[in-house]
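Numbering (the numbering used here), first residue to last: 631 to 767.
For every residue, glycine included, the Cβ atom is placed at its ideal position computed from N, Cα and C.
A quick note: this is a predicted structure, and the numbers were derived from the prediction, not measured.
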Amino acid sequence: MNALIQTRWFPIALLCGSNVFMTFAWYGHLKFKSSPLWLVILASWGIAFFEYVLMVPANRWGNSAYSATQLKIIQEVITLTVFSGFALFYLGERVRWNHVAAFVCILAAVGFTFLPLTATKTANSPTATQHAKIISP
């Protein structure tokens, strides 16, 4: 199990499972609009428990391979993916062109998040301290 936990894919799998529970907890009740609100809230809390059972370990173990920001961006993409399928198949909603465009923008955010952490310096480029000395009188 320890080798599985240390893989970069295991936290992503946990995030996927977590998001399925989250989506049903937050939006599943929309098909049951005649149910009392207190009952819907109680049911949503019960479903959300399982979301947390998967989300907390996903973030704890995932932080050994990803930064917190990277985990959040991954989670958002998973959320949109799961929700798109949920809205299409469970709620019967259509996916429109602007939904796809918004999703592409989120995917671009993922790309920006995973860019290298530090810029590479060329041999002739000044360091920040040297640059500050050049600018200041």
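Below 8 Å between beta carbons: does that hold for residue i and residue j?
i, j, result
"T653", "V712", "yes"
"V686", "V740", "no"
"I635", "F651", "no"
Quick one: what's got a C-beta closer than 8 Å to residue i's C-beta in the same chain, skipping five residues either side?
i, result
"W727", "none"
"T743", "T699, Q700, I703"
Run through DSSP, which three-state label would residue i get?
i, result
"V725", "coil"
"L745", "coil"
"S697", "coil"
"W668", "helix"
"T637", "coil"
"Y720", "coil"
"S766", "Confidence in S766 is poor, its pLDDT being 48 and thus under 50, which makes the residue's placement unreliable; the coordinate value appears in the next sentence. In the structure shown, S766 sits in coil (DSSP, three-state: anything other than H, G, I, E or B)."
Roughly how many angstroms lie between the CA atoms of residue i and residue j, to the nearest whole one?
i, j, result
"W611", "N689", "Absent from the model: residue 611. The displayed extent of the chain is 631 to 767, so no value can be given."
"L644", "N693", "13 Å"
"C646", "A655", "14 Å"
Leaving aside the five residues before and after residue i along the sequence, list all residues of the same chain whose C-beta is less than 6 Å from its C-beta, in chain order.
i, result
"N632", "none"
Segment contact, 8 Å Cβ cut-off, at least three pairs: the segment 658-668 with the segment 687-700: Counting C-beta pairs with one atom in each stretch, the segment 658-668 and the segment 687-700 have fewer than three that are closer than 8 Å, which means they do not touch.
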